[in-house]
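Engineer: Before we start, here is the structure in question, set down as structure tokens.
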Amino acid sequence: MELMQSQTAASISSIEHGADPREPRQPGKWDIRSLLSNPEVLAALGSGVLMLAAWMAGQWSEPLSVALYVISYAIGGWVKAKEGVQTLLKERDLDVNLLMIAAAMGAASIGYWNEGAMLIFIFALSGALESYTTERSRKDISSLMELQPETALRIENGNMVSVSIAKLEIGDLILVKPGELIPADGKVYRGGSSVNQSSITGESVPVDKAVGDEVFAGTLNGEGVLYIEVTKSADATLFAKIIRLVEEAESEVPASQRFIKRFEAIYARVVVVVTIALIALSSPLFGWDFSTAFYKAMVFLVVASPCALVSSIMPAMLSAISNRARKGVLFKGGAHIENMARTAIVAFDKTGTLTLGTPKVTDFIAGEGWDDRELLAISASVEKMSKHPLAIAVVRAAEESGVPLKQVENSQSLTGWGMQGELEGDIWKIGKSDVLDAVTDEAELSLSHQAIKDQNGHPSQTERPNGKAGWIAQRQRLESEGKTVSVIMRNDEIVGMIALQDAVRPEATLAVKRLQSMGIRVAMLTGDRKATAQVIAEQTGVDMVFSDLLPEDKVNHIKELRERHGHVVMVGDGVNDAPALATATVGIGMGVSGSGTALEVADAVLMNDNIDEIAGTVKVARRVQRIVKQNMVFAIAVILTLITANFLEGVALPLGVIGHEGSTILVILNGLRLLRSGN
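Okay, here's the thing in structure tokens:
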């Protein structure tokens, strides 16, 4: 790598710095141009234009007027008619699409061509708006797919070679010029620049990147030249994660929408039966002639159809998903937005969630007869096979100290505790200090309490603890400072102790306060000991603390919280959090620092790891709930009013069309308001 560095350094002067910058497209902007690019919107508008032309032509040429109306019907009603027929043939069911087409054809059959065309136009327009919402939401989640470059400049023997990003491997060194899109996830190996990460994390301000900093595929390099060491294959990047999220989001439907779809099928049958009954029985029952009965039946078919009711939910849900995507919160479907609105408890994992997840070794204490550097080398050698943040911190400390690592055999993870390995015939274990809790001898327990304080009454800072009492004293001292303590064991004998400390996320305290201000209680679940967990709890202000937890313990606590308080949101980043994420009402994974397993089972992902967005997301979810209720009450009120008026006074078909389809457009537009709203 040093040779490569010297070779690539020589090529910097040959790099052209005048590359055309490409600004990432900002998702979520709702403008006329994007609206008019929707094929269904264009078809609906075309239908409306032809309807007006047919009405004007009717003043002087009836055949031309009818021909234009037929074309208007075909252009505006084709998509909905196709959907209705497919539902009828494949699912053997009726939906509002067939009801509306039938009503339009019925109006035309008795000479009300313009009324039928108006029905087709407004119905097509409302459907187009709903389709636009779906498309807009999908684009807001996946628009950055278009930002992924197809090729990368890979450094090979000092030369720059353009290769497909699919051919990039972990460890490759790539060059990114100013203004270019970064082609792969990796770490800055050389150079420095500001990187626009808004396409992935939602951050509006470019982030400065230096040697060792992490960068993501699809983000935009600024003014500097970056040499990046690839750390993830193409199928493991954030892009790949987002693709999976989009696929799942398209298939997830909220429970309320599933109920409406079932209701729609039953309701549509009832409307058809009542419509046929009106045509057949009105003459003997009410004395209406066939023309009047058929007209009122067509009006009933229009005004009784549940278009507005069906459109009350999904446009609002999709708008909320789009809204949150712009803030870096990706949902896998509207069902999770619906559940989020009912949140009573938010439970956070500690390491990597409430804290930054990059702990550092603060204290390394070797027992009697052990050299610090030798014991550190052994500890790091055992830990190097683990991906746990604490293990990574120990390995990093050894690397910084310059101690050589040793060859460890039979390395294995001890689930929920730590790591184990065999070195020169000895079994070494590094993990939780709970082995010190098995104190059975009263004299030893008394001695440990005496050893905790020195002659001035302060915690003892003995560098070479003597026996279990001394180790207990050291642990209590370290935990009182908010540090996580691990023990080093050789053949089940404690020979050393490691203390690590992780910084609380800058936004953690504010995030907790915002949730509490909304009436939501906050819990912290951690595998750390109680004393360490309590320090973090005091810093962040959480309401409840559960410590000393194994993965299965976290699951049990989530179940208990759900039984006692209702809907629980779990936020975590690690493999050990995956069971709890799956058990919670809504599981939220950390997009940047989270493990692949946690992201797979999570219902939503914080792409920028900003836990402060959780409160804003709950607020948006609650707004969705209010808007859906408003829409449903309004839709039902309009349907009942128009049906009643049709039987009591009689409603003109154009008025029925405008009232019914107008209410559909209004509920869709009410849901679309969430596209522009903030937190």
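Residue numbering for the sequence shown follows my numbering, beginning at 321 and increasing consecutively. Note that CB positions come from ideal geometry on N, CA and C, so glycine has one too. Only a predicted model underlies this, so the values are computations on that prediction, with no experimental measurement involved.
Beta strand (DSSP E) containing D312: first to last residue?
Structural biologist: Since the displayed the chain opens at 321 and closes at 999, residue 312 lies outside it and no answer follows.
Engineer: Taking just the CA atoms, how far does L540 sit from G936?
Structural biologist: As a first step, residue 936 must be located in the sequence shown, where it is residue number 616. As a first step, residue 540 must be located in the sequence shown, where it is residue number 220. Spanning the two alpha carbons is a distance of roughly 27 Å.
Engineer: Evaluate contact between the region 874–881 and the region 681–700, counting only Cβ atoms and requiring at least three cross-stretch pairs below 8 Å.
Structural biologist: With the cut-off at 8 Å, the region 874–881 and the region 681–700 do not touch.
Engineer: Please list, in chain order, all residues of the same chain as L1000 whose beta carbon is under 8 Å from its beta carbon, the five residues on each side excluded.
Structural biologist: Given a span of 321 to 999 for the chain in the structure shown, any question on residue 1000 remains unanswerable.
Engineer: In angstroms, rounded to a whole number, what distance separates the CA positions of R993 and D757?
Structural biologist: Numbered from its first residue, the sequence shown carries residue 993 at position 673. Numbered from its first residue, the sequence shown carries residue 757 at position 437. The straight-line gap from Cα to Cα measures roughly 57 Å.
Engineer: Tell whether a beta-carbon distance below 7 Å holds between I548 and G506.
Structural biologist: Counting from 1 along the sequence shown, the entry for residue 548 is found at position 228. Counting from 1 along the sequence shown, the entry for residue 506 is found at position 186. Going by C-beta atoms, I548 is nearer than 7 Å to G506.
Engineer: Could you tell me the boundaries of the alpha helix (DSSP H) in which E703 lies?
Structural biologist: Position 383 of the sequence shown, counted from the first residue, corresponds to residue 703. Counting along the chain, the alpha helix (DSSP H) containing E703 begins and ends at 692–703.
Engineer: Are the region 660–668 and the region 881–892 touching, with three or more C-beta to C-beta distances below 8 Å?
Structural biologist: Enough Cβ pairs lie closer than 8 Å, so yes.
Engineer: Rounded to whole angstroms, what is the Cα-Cα separation between L995 and S639?
Structural biologist: To locate residue 995, count along the sequence shown from 1; it is residue 675. To locate residue 639, count along the sequence shown from 1; it is residue 319. Between L995 and S639, the C-alpha separation is close to 5 Å.
Engineer: Go ahead and label Q796 buried or exposed: buried means 16 or more other beta carbons lie within 10 angstroms of its beta carbon, across all protein chains shown.
Structural biologist: By one-based count along the sequence shown, residue 796 stands at place 476. Flag for Q796 reads buried.
Engineer: Could you work out which residue in E719, I599, I657 is closest to K680 when comparing CA atoms only?
Structural biologist: Here residue 680 refers to the residue found at position 360 when the sequence shown is read from its first residue. Nearest C-alpha to K680: E719.
Engineer: With a threshold of 16 other CB atoms inside 10 Å of the CB of E694, please say whether the residue is buried or exposed.
Structural biologist: Numbered from 1 along the sequence shown, position 374 holds the residue referred to as residue 694. Answer is exposed; the Cβ neighbour count stays below 16.
Engineer: Between the Cα of S484 and those of N477, D492, G478, spot the shortest distance and give me the residue it belongs to.
Structural biologist: Indexing the sequence shown from 1 puts residue 484 at position 164. For S484, the nearest C-alpha among the options comes from D492.
Engineer: For the region 584–603 and the region 612–628, state whether three or more C-beta atom pairs, one from each stretch, are separated by less than 8 Å.
Structural biologist: Flag = yes, the region 584–603 and the region 612–628 touch.
Engineer: Whose CA, out of A793, E801, S611, V590, lies closest to the CA of I599?
Structural biologist: Here residue 599 refers to the residue found at position 279 of the sequence shown. The candidate whose alpha carbon is nearest that of I599 is S611.
Engineer: In this structure, how does DSSP classify K707 when only helix, strand and coil are distinguished?
Structural biologist: In the sequence shown, the residue the question calls residue 707 occupies position 387. K707: coil per DSSP, three-state reduction.
Engineer: When the Cα of I712 is compared with those of T663, G677, D692, I421, which residue comes out closest?
Structural biologist: Counting from 1 along the sequence shown, the entry for residue 712 is found at position 392. For I712, the nearest C-alpha among the options comes from G677.
Engineer: Does the separation of the CB atoms of A401 and I421 fall below 7 Å?
Structural biologist: In the sequence shown, residue 401 corresponds to position 81, counting from 1. In the sequence shown, residue 421 corresponds to position 101, counting from 1. Contact flag set, yes.
Engineer: What are the uninterrupted segments assigned as alpha helix (DSSP H) that are 4 or more residues long and contained completely in the region 566–637, given in chain order?
Structural biologist: 575–606, 610–623, 627–630, all fully within the region 566–637.
Engineer: Which same chain residues end up closer than 6 Å to A686 when comparing Cβ atoms and leaving out the 5 residues on each side of it in sequence?
Structural biologist: As a first step, residue 686 is located in the sequence shown; it is residue number 366 there, counting from the start. Cβ within range, chain order: D692, L695, G816.
Engineer: How is W791 classed by DSSP in three states: helix, strand or coil?
Structural biologist: For the purposes of this step, residue 791 is identified with residue 471 of the sequence shown, where counting begins at 1. If DSSP states are grouped into helix, strand and coil, W791 belongs with the helices.
Engineer: Going by alpha carbons, who is nearest to M809 out of V715, Q821, W690?
Structural biologist: Numbered from 1 along the sequence shown, position 489 holds the residue referred to as residue 809. Nearest C-alpha to M809: W690.
Engineer: Between A902, D932, Q950, I931, which has its C-alpha nearest L919's C-alpha?
Structural biologist: Mapped onto the sequence shown, residue 919 falls at position 599. Cα-wise, what sits closest to L919 is A902.
Engineer: Taking the alpha carbon of V728 as the reference point, which residue from V714, R716, L743, G738 has its own alpha carbon closest?
Structural biologist: Here residue 728 corresponds to residue number 408 of the sequence shown, with the count starting at 1. The candidate whose alpha carbon is nearest that of V728 is L743.
Engineer: Would a C-beta distance cut-off of 7 Å place I502 and R474 closer than the cut-off?
Structural biologist: In the sequence shown, the residue the question calls residue 502 occupies position 182. In the sequence shown, the residue the question calls residue 474 occupies position 154. It is not a contact, given that the beta carbons lie outside the stated cut-off.
Engineer: Does DSSP put R510 in a helix, in a strand, or in coil?
Structural biologist: For the purposes of this step, residue 510 is taken as the residue at position 190 of the sequence shown. R510 falls in the strand class under three-state DSSP.
Engineer: Using the C-alpha atoms, what's the distance from E543 back to P526?
Structural biologist: Here residue 526 corresponds to residue number 206 of the sequence shown, with the count starting at 1. Here residue 543 corresponds to residue number 223 of the sequence shown, with the count starting at 1. Taking the straight line joining both Cα atoms gives about 11 Å.
Engineer: What is the residue span of the alpha helix (DSSP H) that S553 lies within?
Structural biologist: Residue numbering aside, residue 553 sits at position 233 when the sequence shown is read from its first letter. Element bounds for S553: n/a, residue is neither H nor E.
Engineer: Bridge partners of W748, per DSSP?
Structural biologist: Sequence index remark: in the sequence shown, residue 748 carries index 428 (1-based). According to DSSP, which records beta bridges pairwise, W748 is partnered with G741, R810.
Engineer: For A640, which three-state DSSP category applies?
Structural biologist: Start at 1 with the first residue of the sequence shown, and residue 640 comes out as number 320. The answer is helix: DSSP assigns A640 an H, G or I state.
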